[in-house]
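Participant:
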Amino acid sequence: CYTVPFLPSEQTFDLDVFLVPVSDTTWIATRFPHGSEEQKVVKSAVDLLLDLGQNVVYLPGLRPIVHDDVNCLPTYANALIVNGIAVVPQYDLPEDMEAISVFSNLGFETHGVFAGTIVESNAVFHCISRLVPSPQSSS
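Those letters in the sequence shown? Residues 989 to 1127, per our numbering, in order.
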């Protein structure tokens, strides 16, 4: 069992904000600015994965959104991956196309969906999908 520290600028304490397994041997990690506290946390996790023989592919990291009562970290790693399809958050930023390319190059059918507003609730597609209840049976 390994422990990965939390990102200092992230409010939900979810690992999938910056590190996501996409196969038995491959992970996606978020690339934060060199020397930042976020980069140090990600580097420690990536170093461990590499030591265990895993492959790591990087997504661009983004700056936190802070205004009024909002303090959130937009992320491409919080994509929803189901049955070979990746629904990748988009923020109308130049980095959006790089994120799409990363998932496409890993073999996913990739769809970019705007998440620039919903991210301010501190959740994007992966986090939101975990909260969808199963349908009630009609018996």
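C-beta atoms are modelled at their ideal positions from N, C-alpha and C, and glycine is treated no differently.
#1: Tell me whether the region 1025-1041 and the region 1074-1085 touch, counting them as touching only if at least three CB pairs, one residue from each stretch, are closer than 8 Å.
#2: Identify, in the order they occur along the chain, each residue of the same chain with its Cβ nearer than 7 Å to the Cβ of R1019, setting aside the five sequence neighbours on each side.
#3: Relative to the C-alpha of V1070, which residue among P1052, R1051, G1095, N1059 is closest?
#4: Provide the residue(s) that pair with F1102 in DSSP beta bridges, ordered along the chain.
#5: For Y1079, which of L1061, G1104, A1065 has the nearest alpha-carbon?
#6: Decide if E1026 is buried, meaning its Cβ has at least 16 other Cβ atoms within 10 Å, or exposed.
#7: Do you know whose CA, among I1106, G1041, P1052, W1015, lies nearest S1024's CA?
#8: Considering Cα atoms alone, identify which of V1075, L1040, N1043 is closest to T1063.
#9: Comparing alpha-carbon positions, which option in I1088, L1068, T1014 lies nearest L1040?
#10: Does DSSP put N1071 in a helix, a strand or coil?
Facilitator: A quick look at the data gives this:
#1: no
#2: Y1046, L1047, P1048, G1049
#3: G1095
#4: Q1078
#5: G1104
#6: buried
#7: P1052
#8: V1075
#9: T1014
#10: coil
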